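Visitor:
There are 2 protein chains.
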Amino acid sequence: MFITNKINLRIPGPTPIPPSVQAAMSQPMIGHRSNEASTLIKSVSERLKPFFGTTENPLLFTGSGTSVLEAAVVNTIQPGEEVLVVVTGVFGDRFAKILTEYGAVVRRLDVEWGKTPDPEDLTSRLQQHPNLKAVFFTQCETSTGVLNPINILSPLVKKHSDALVIVDAVSSLGAVPFEMDAWNVDITVAGSQKAFMIPAGLAFAAVSPKAWSIIEKNNNPKFYLDLKRYRENLSKGTTPFTPAVSLIFGLDAALELLEAEGMTEVFHRHEGMKNLTRAAISALSLPLMTSEEDASPTVTSVYGADGWDSEILRSDLKKMGIVIAGGQQHLKGKIFRIGHMGYCDPFDILPVLSAIEISLKKQNVELRLGTAVQAAEEVLSQYV
Amino acid sequence: MFITNKINLRIPGPTPIPPSVQAAMSQPMIGHRSNEASTLIKSVSERLKPFFGTTENPLLFTGSGTSVLEAAVVNTIQPGEEVLVVVTGVFGDRFAKILTEYGAVVRRLDVEWGKTPDPEDLTSRLQQHPNLKAVFFTQCETSTGVLNPINILSPLVKKHSDALVIVDAVSSLGAVPFEMDAWNVDITVAGSQKAFMIPAGLAFAAVSPKAWSIIEKNNNPKFYLDLKRYRENLSKGTTPFTPAVSLIFGLDAALELLEAEGMTEVFHRHEGMKNLTRAAISALSLPLMTSEEDASPTVTSVYGADGWDSEILRSDLKKMGIVIAGGQQHLKGKIFRIGHMGYCDPFDILPVLSAIEISLKKQNVELRLGTAVQAAEEVLSQYV
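Protein sequences appear in the order of chains A and B.
So in full-length UniProt numbering, the last spot in the first sequence is 384, and the numbers never skip.
So in full-length UniProt numbering, the last spot in the second sequence is 384, and the numbers never skip.
See below:
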């Protein structure tokens, strides 16, 4: 067969798994209360700290990222308390939904999808609502591919308010700089299946001393998502409930890869992938959904031409073994998204660009085959 | 080295992982919203049904077993509602703790650890509290090794009450018969790292139509553990939040093994392991914690002699590469527990018995080396 059933998975998570991570996950099982497990749990928590940019030890949860978004809500916000959610897409909206479910008074700063908020709009919402208990941000809004500038937005909260800052960094942490302590972030949530290159099933939260002081007074009913249980157990090198040990084996190996490459280099690689992908898409005259400044190094969203169904492109690519993401909610059929985070380098993206060219040509879009790849190679050659 | 660092993991979960399951979990990652993922999710849910003994499709959660114990509570019980928890050890007590956290009025039927409840005691508690909304049982109480007779206890609830029956079957389902529909059970919770032979991180719940009618009216705040979201998504072959795909690959392979062996044969094997282990322990004159009738086919708990510290035995075994469990809470140091569920056969238990003999001898217990193994072989020879 000319095209085999090899899969080139280029969605914004889960990402492909590196071979050394696969091998680590295939180690024989160990008892989750053993000394070996404790050593492992302490080690991975310690080594996650630089990615969060904090002196606090990140907590480990067995669950999807959403479970820890919910933990960030249920441990800090009591019913009737006022919060602000900066909504830049599907995942900002998810924070708002969780908060509504728990009886918070939810103020929203809705931003046009594909854009980041104007800092002045944030300031005026903060001034308008002086009693906010927390402000919720999404660092990379996976649904649109924007990277919200937490380094600018979070200090504004500190300037105008006593509110906690809670950040969903699930689809960015590990791929882009994050300085939780320096930026005044109180809770940062991340997940396993994105830049950390392991399968879904683990999620992480780092919590500031200010947030702990609120959490200690919180009396919402909670059990599995009770952050205090995780802190207490982590101090003893364990988790309150049976953890996904095989995924922790994987995390250990993934952190080894990230450490060997070096954090700065990892961020540089992701930045390069963004530049390369954007240059290639521009060469095809397809409209990028985000500006250069707002774009995330982990995922690139692209509009099709007018009246064009991006699902046709995705379906063509699928036949070539290449899996990209479509649009969510009202963007379904309107955009496609290329994930370039985690276990991914330029040579993983070049074939995606070739496949896009072939599909467009097949759909009678005028183009010279090789146009996007040429533009990508031009970016790439600056790095070699 | 005479004794290598090979590990013989014989705790009551997590269990060792079969090679075909390891291999399945090492398959390349796929998108969790792909058709392949949907086919897989539908398939494993369908194939779990016979183990639950129900026509309802079991729901798949990414989390520890406790997350779904909490789901069973938060989706059915409103604050102030009265429930009965049959507590036979640590995990029954966990149900009570979760229920207390969520404001239920908790009635307890506390049973001496190591025993199952007297059906008459259950009947009298049911008659004493006519307004119970649910009765909570633990099938195998992992902390003591009893198997509560849900086939007898659950129909009693139906006879005397309108309460839902909710069963934690985490450390037994897949190893022993369970007939959810026939026994009048409304919610059954199970986990991945026990008889299903995969790492921790997946958990399951099957829900009766009667329970759904209660769940539909329930208005507790909930998001990640909202059972309705899981039902709605499962009908479309997916999960509401990113699932632990690698573990689902593993579950698929584990179900293949269980199907190839045959459910009856799987149960028969576990029953044999119980008989073999108990015969061996009795031959050593160590007191078993449970009667023949109350004992679980998945785990055997053993008391030491008076004044004896079971942690010394565990530590000796550890040096021989054999990992068994100790006692929890007030039983720490008093008992040890041998897990014999999941990927385990008699020849995995014989070395554990040898190691126990060697440790006892070292501790100046009078015995002839080989005594326990001989008794185990006698049981085993009846099966060969």
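Virtual Cβ for every residue (Gly too), placed ideally from N, Cα, C.
Given the structure is predicted, the values throughout are model-derived calculations rather than measurements.
For a cutoff of 7 Å on Cβ pairs, would you count A/Glu70 as touching chain B?
Guide: Position 70 of the first sequence, counted from the first residue, corresponds to residue 70 of chain A. By this cut-off, A/Glu70 is an interface position.
Visitor: Alpha carbon to alpha carbon, how far is A/Ala203 from A/Val189?
Guide: By 1-based counting over the first sequence, the position of residue 203 of chain A is 203. By 1-based counting over the first sequence, the position of residue 189 of chain A is 189. Distance between the alpha carbons of A/Ala203 and A/Val189 is about 7 Å.
Visitor: Kindly indicate which three-state DSSP category B/Gly63 falls into: helix, strand or coil?
Guide: Locating residue 63 of chain B in the second sequence gives position 63, where the first residue counts as 1. The answer is strand: DSSP assigns B/Gly63 an E or B state.
Visitor: Note down the Cα distance separating B/Phe336 from B/Ala175, rounded to an integer number of angstroms.
Guide: Locating residue 336 of chain B in the second sequence gives position 336, where the first residue counts as 1. Locating residue 175 of chain B in the second sequence gives position 175, where the first residue counts as 1. Their backbone Cα atoms lie some 21 Å apart in a straight line.
Visitor: Where does A/Arg368 land, buried or exposed, given buried means 16+ other C-beta within 10 angstroms?
Guide: If you number the first sequence from 1, residue 368 of chain A lands on position 368. Counting Cβ neighbours within 10 Å, A/Arg368 comes out exposed, since fewer than 16 surround it.
Visitor: With a threshold of 8 Å on Cβ separation, who are the neighbours of B/Gly53 within its own chain once the five nearest residues in sequence on each side are excluded?
Guide: Within the second sequence, the letter at position 53 stands for residue 53 of chain B. So the qualifying residues of the chain are Pro177, Phe178, Glu179, Met180, Asp181, Ala182 and Trp183.
Visitor: Find the residues of chain A that neighbour B/Val323, judging by a C-beta separation of less than 9 Å, and give them in chain order.
Guide: Locating residue 323 of chain B in the second sequence gives position 323, counting from the first residue. Correct list: Ile30, Gly31 and Ser34.
Visitor: Please report the straight-line C-alpha distance between B/Val207 and B/Ile30, rounded to a whole angstrom.
Guide: As a working mapping, residue 207 of chain B is identified with position 207 in the second sequence. As a working mapping, residue 30 of chain B is identified with position 30 in the second sequence. So the two alpha carbons sit approximately 29 Å from each other.
Visitor: Among A/Gly13, A/Ile3, A/Phe2 and A/Lys6, which has the Cα closest to the Cα of B/Phe241?
Guide: Reading the second sequence from its first residue, position 241 is the one you call residue 241 of chain B. Minimum Cα-Cα distance from B/Phe241 among the listed residues A/Gly13, A/Ile3, A/Phe2 and A/Lys6 corresponds to A/Gly13.
Visitor: Residues in the same chain with beta-carbon distance under 7 Å from A/Thr371, minus the five sequence neighbours each way, listed in chain order, please.
Guide: As a first step, residue 371 of chain A is located in the first sequence; it is residue number 371 there, counting from the start. Taken in chain order, the residues that qualify are Ala283, Leu284 and Glu357.
Visitor: Between the region 93 to 108 of chain A and chain B, which residues of the former have CB atoms less than 7 Å from a CB of the latter, in chain order?
Guide: Ile98, Glu101, Tyr102 and Gly103
Visitor: Is the region 146 to 160 of chain B touching the region 289 to 298 of chain B, taking contact as three or more C-beta pairs under 8 Å?
Guide: yes
Visitor: Does B/Tyr303 come out as helix, strand or coil in the three-state DSSP assignment?
Guide: Indexing the second sequence from 1 puts residue 303 of chain B at position 303. DSSP places B/Tyr303 within a strand segment (E or B) once states are collapsed to three.
Visitor: Hey, does B/Pro351 have any beta-carbon neighbour from chain A nearer than 7 Å?
Guide: Here residue 351 of chain B corresponds to residue number 351 of the second sequence, with the count starting at 1. With respect to chain A, the C-beta atom of B/Pro351 has no partner C-beta closer than 7 Å.
Visitor: Could you check whether B/Leu59 and B/Ala211 sit closer than 7 Å to each other, using their CB atoms as the reference points?
Guide: Numbered from its first residue, the second sequence carries residue 211 of chain B at position 211. Numbered from its first residue, the second sequence carries residue 59 of chain B at position 59. Not in contact: B/Ala211 and B/Leu59 (Cβ atoms no closer than 7 Å).
Visitor: So that I know if they touch, is there some Cβ in chain A lying closer than 7 Å to that of B/Gln22?
Guide: Here the question's residue 22 of chain B lines up with position 22 in the second sequence. Yes - at least one Cβ of chain A is within 7 Å of the one on B/Gln22.
Visitor: Counting only C-beta atoms, is B/Tyr224 closer than 7 Å to chain A at any point?
Guide: What you label residue 224 of chain B is simply residue 224 of the second sequence in a count that begins at 1. B/Tyr224 counts as touching chain A.
Visitor: For the region 239 to 270 of chain B, list every residue whose C-beta sits within 7 Å of some C-beta in chain A, in sequence order.
Guide: Phe241, Thr242, Pro243, Ala244, Val245, Ser246 and Leu247
Visitor: How is A/Val86 classed by DSSP in three states: helix, strand or coil?
Guide: Stepping through the first sequence from its first residue, residue 86 of chain A is reached at position 86. Three-state result, A/Val86: strand.
Visitor: Name, please, each residue of chain A whose Cβ falls closer than 9 Å to the Cβ of B/Gly65.
Guide: The residue labelled residue 65 of chain B in the question sits at position 65 within the second sequence. Here the neighbours are Phe241 and Thr242.
Visitor: Based on DSSP bridge pairs, tell me the residues matched to A/Thr15.
Guide: Looking up residue 15 of chain A in the first sequence gives position 15. For A/Thr15, which the question treats as bridged, DSSP gives no partner whatsoever.
Visitor: What residues of chain D sit near A/Gln193, judged by a beta carbon separation below 7 Å?
Guide: The chain labelled as chain D is not found among the protein chains of the depicted structure, namely A and B.
Visitor: Using beta carbons (cut-off 7 Å, strictly below), is A/Ser26 in contact with chain B?
Guide: Along the first sequence, read from residue 1 onward, the residue named residue 26 of chain A stands at position 26. A/Ser26 counts as touching chain B.
Visitor: Could you check what DSSP says for A/Val170 in three-state terms: helix, strand or coil?
Guide: The count along the first sequence starts at 1 and reaches residue 170 of chain A at position 170. A/Val170: coil per DSSP, three-state reduction.
Visitor: Using 8 Å for Cβ pairs, my map puts B/Ser154 next to B/Val185. What's the rounded Cβ distance?
Guide: Mapped onto the second sequence, residue 154 of chain B falls at position 154. Mapped onto the second sequence, residue 185 of chain B falls at position 185. The Cβ separation is near 5 Å, so the contact holds.
Visitor: Between A/Leu234, A/Gly92, A/Lys194 and A/Asp118, which lies nearest to A/Ser38 when the distance is taken from Cα to Cα?
Guide: What you label residue 38 of chain A is simply residue 38 of the first sequence in a count that begins at 1. Among A/Leu234, A/Gly92, A/Lys194 and A/Asp118, the Cα nearest to that of A/Ser38 belongs to A/Leu234.
Visitor: With H, G and I counted as helix, E and B as strand and the rest as coil, what does DSSP make of A/Thr55?
Guide: One-based indexing of the first sequence puts residue 55 of chain A at position 55. Three-state DSSP puts A/Thr55 in coil, outside helix and strand.
Visitor: For B/Glu271, write down the residues that DSSP places opposite it in a beta bridge.
Guide: Taking the second sequence and counting its residues from 1, the one referred to as residue 271 of chain B is at position 271. Per DSSP, none; premise fails for B/Glu271.
Visitor: Using the three-state DSSP reduction, which class does B/Ala190 fall into: helix, strand or coil?
Guide: Taking the first residue of the second sequence as position 1, residue 190 of chain B is located at position 190. It is a strand residue.
Visitor: How would you write the range of the alpha helix (DSSP H) that residue 385 of chain B sits in, first residue to last?
Guide: This structure gives no information on residue 385 of chain B, because the portion of chain B shown stretches from 1 to 384.
Visitor: Is A/Leu9 close to chain B, meaning its C-beta is less than 7 Å from at least one C-beta of that chain?
Guide: The sequence position of residue 9 of chain A within the first sequence is 9, counting from 1. Yes, contact with chain B.
Visitor: With burial defined as no fewer than 16 other Cβ atoms inside 10 Å of the residue's Cβ, what is the status of B/Thr55: buried or exposed?
Guide: In the second sequence, residue 55 of chain B corresponds to position 55, counting from 1. B/Thr55 should be labelled exposed.
Visitor: What first and last residue would you give for the beta strand (DSSP E) that runs through A/Asp110?
Guide: Taking the first sequence and counting its residues from 1, one reaches residue 110 of chain A at position 110. Val105 to Asp110 is the extent of the beta strand (DSSP E) around A/Asp110.
Visitor: Check whether the Cβ atoms of B/Val87 and B/Asp110 sit closer than 7 Å, and answer yes or no.
Guide: As a first step, residue 87 of chain B must be located in the second sequence, where it is residue number 87. As a first step, residue 110 of chain B must be located in the second sequence, where it is residue number 110. Here B/Val87 is near B/Asp110, since their CB atoms are less than 7 Å apart.
Visitor: What's the call for B/Phe347, buried or exposed, on a 16-neighbour Cβ count within 10 Å?
Guide: Sequence index remark: in the second sequence, residue 347 of chain B carries index 347 (1-based). By the Cβ-count criterion, B/Phe347 is exposed, with fewer than 16 other Cβ atoms from all chains shown falling within 10 Å of its own Cβ.
Visitor: What residues from chain B crowd round A/Thr15, counting only those whose CB sits closer than 9 Å?
Guide: Locating residue 15 of chain A in the first sequence gives position 15, where the first residue counts as 1. Within 9 Å Cβ-Cβ: Met29.
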